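In terms of the numbering used here, the sequence shown is residues 8 to 372. Below is one structure, written out as structure tokens; comments come after it.
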Amino acid sequence: MIDFANLKQEYLAHRKEIDQAIKDTLESAHFIMGDGIEKFERELEDFVGCKYAITCSSGTSALILALMALDIKPNDEIITTSFSFFASAEAIALVGAKPIFVDINPQTFNLDEKYITQAITPKTRAIIAVSLFGQIPNINIINDIAKKYHLSVIEDGAQSFGASFCGKKSGNLCTIGTTSFFPAKPLGCFGDGGALFCNDDFLSEKIKALRIHGQTKRYTHKYIGIGARMDTLQANILRVKLKYFQEKILKRQEIAKLYFHLLQNLPLQLPTITSECSSTFAQFSILSKQRDALQEFLKQKNIPTAIHYPIPLPLQEAFSYLIYSKDDFPCAQKCANEILSLPINPYLKKEEIEYISDSIKEFYG
């Protein structure tokens, strides 16, 4: 059967090195903030091209730490996309701020920059720009708007680590970048993990303190923080996988290119990748007006698929207090109704991609 993410093969491909990294960690007994953490952070800085990389416990905690580092307070407003994984907006609510949702670009599925200015109020403090499915939104336009209105910009790069925009890597594009190393992400660990990226000395030191309960030295706490350290085991596993990550991105891009070729001229919408962006293709998501029927048809063919995501963020029950309606976000709602993610991972075989594509063609007759 075709594997959607193929995490098992990802392990088997580097089993010897990963097993050794795990063994070394266990024998060192340095499970929290061991040598591997600092080494991994330096390697992340080199890869992303930023001054500082700070690891943490998850992509969600990275967003929370970013908001805390920017001193976001209750009743502050943060502009973000209406279509993403829940954590993109959840982090805003968790620090007591108010998410202000804007509709998406129906071609890229990312936040539509043209709606940002009209969403700004005197309470607006920042913009969280999500780089969905591995593609970065037009961060230059977002940064220009933020500069004009004296706002900070956080990139939620949970799905875009390794992507680039105008030659600059995801994470090194705005005030603070974040990412996730959840197992199913393009660069995934064997549990939860995340990181933040910045070029500001003060923010870097503050984030490092915030991830250890606001501690600047042992038992001395300058800030109210959280427990959000990455464990050394995950860092050492990721250090192995990072060595091979660029070739894994290239493989994802090759698979996406083949999908584009095989699925052209069908009554469905393929992803649109902008000329400025190099995507990691964390997902390969199509839009189909017959989405549910297509998904069931592919299931009968033993082809796994996923719906990323079935409900726009502002229409989640958890945000019912914001009193939004479906009509407020027509593009996000359309995507929620029609989106379907096809299998994509570096180990997907050419014949599997052809089988998936042929099955979709068969569905459309």
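Where is the CB? At the ideal position from N, CA and C, for every residue including glycine. Model, not experiment: these values are computed from the prediction.
Please work out which residues of its chain come closer than 7 Å, Cβ to Cβ, to residue i, disregarding the five sequence neighbours upstream and downstream, and give them in chain order.
{"i": "F172", "result": "I143, I146, L180, E283 and C284"}
{"i": "A98", "result": "T67, L70, I71 and L74"}
{"i": "A242", "result": "G43, I44, F47 and T62"}
{"i": "I148", "result": "E120"}
{"i": "L51", "result": "A60 and A202"}
Per DSSP, which one or two residues make a beta bridge with residue i?
{"i": "L118", "result": "I111"}
{"i": "S292", "result": "S348"}
{"i": "F172", "result": "K175 and C284"}
{"i": "T186", "result": "A202"}
{"i": "A136", "result": "E162"}
{"i": "Y59", "result": "C205"}
{"i": "I85", "result": "P106 and A133"}
Just how far apart, CA to CA, sit residue i and residue j?
{"i": "Q276", "j": "G195", "result": "28 Å"}
{"i": "R246", "j": "A28", "result": "9 Å"}
{"i": "L70", "j": "E369", "result": "42 Å"}
{"i": "Y156", "j": "E120", "result": "14 Å"}
{"i": "I85", "j": "Q260", "result": "33 Å"}
{"i": "H4", "j": "G169", "result": "With the chain covering only 8 through 372, there is no way to say anything about residue 4."}
{"i": "M8", "j": "E212", "result": "48 Å"}
{"i": "I214", "j": "Q253", "result": "27 Å"}
{"i": "T115", "j": "H315", "result": "14 Å"}
{"i": "I231", "j": "L301", "result": "49 Å"}
{"i": "Y18", "j": "D335", "result": "43 Å"}
{"i": "K229", "j": "L217", "result": "9 Å"}
{"i": "N150", "j": "K175", "result": "14 Å"}
{"i": "D208", "j": "L329", "result": "36 Å"}
{"i": "K248", "j": "G178", "result": "18 Å"}
{"i": "A289", "j": "G221", "result": "33 Å"}
{"i": "S91", "j": "Q340", "result": "12 Å"}
{"i": "V137", "j": "A94", "result": "11 Å"}
{"i": "N7", "j": "S35", "result": "Past the boundaries of the shown model lies residue 7; the chain is included only from 8 to 372, so the question cannot be answered."}
{"i": "N344", "j": "A191", "result": "23 Å"}
{"i": "Q325", "j": "K105", "result": "Before going further, note that residue 325 is Ala rather than Gln in the sequence given. C-alpha separation (whole angstroms): 13 Å."}
{"i": "K357", "j": "A263", "result": "11 Å"}
{"i": "I123", "j": "L305", "result": "38 Å"}
{"i": "H268", "j": "I360", "result": "11 Å"}
{"i": "Q323", "j": "A313", "result": "18 Å"}
{"i": "P81", "j": "T227", "result": "25 Å"}
{"i": "P319", "j": "K15", "result": "31 Å"}
Contact check, residue i vs residue j under 8 Å by CB: the rounded distance?
{"i": "G141", "j": "Q166", "result": "5 Å"}
{"i": "D83", "j": "K130", "result": "6 Å"}
{"i": "P321", "j": "Y331", "result": "4 Å"}
{"i": "K255", "j": "P193", "result": "7 Å"}
{"i": "Y362", "j": "P274", "result": "At roughly 20 Å, the Cβ-Cβ gap does not stay under 8 Å, so Y362 and P274 are not in contact."}
{"i": "Y266", "j": "S327", "result": "Not really, about 37 Å apart at Cβ, beyond 8 Å."}
{"i": "R298", "j": "M40", "result": "At roughly 45 Å, the Cβ-Cβ gap does not stay under 8 Å, so R298 and M40 are not in contact."}
Are residue i and residue j closer than 7 Å when you measure CB to CB?
{"i": "I161", "j": "I183", "result": "yes"}
{"i": "I346", "j": "L294", "result": "yes"}
{"i": "S286", "j": "S348", "result": "no"}
{"i": "T88", "j": "I111", "result": "yes"}
{"i": "I244", "j": "I25", "result": "yes"}
{"i": "N117", "j": "L101", "result": "no"}
{"i": "D163", "j": "I134", "result": "no"}
{"i": "V55", "j": "F188", "result": "no"}
{"i": "F11", "j": "P311", "result": "yes"}
{"i": "K296", "j": "S366", "result": "no"}
Leaving out the 5 sequence neighbours to the left and right, which residues in its chain are closer than 6 Å to residue i when beta-carbon positions are compared?
{"i": "N13", "result": "N352 and Y354"}
{"i": "A58", "result": "The sequence given here places Lys at residue 58; Ala does not occur at that position. Only N206 meet the Cβ criterion."}
{"i": "S65", "result": "D199 and G201"}
{"i": "D78", "result": "none"}
{"i": "I107", "result": "E84, I86 and A126"}
{"i": "T223", "result": "A216 and K229"}
{"i": "S159", "result": "L77, A133 and T182"}
Might you give, ordered along the chain, the residues of its own chain that have their beta carbon closer than 8 Å to the beta carbon of residue i, omitting 5 neighbours on each side?
{"i": "F38", "result": "T32, D238, T239 and L240"}
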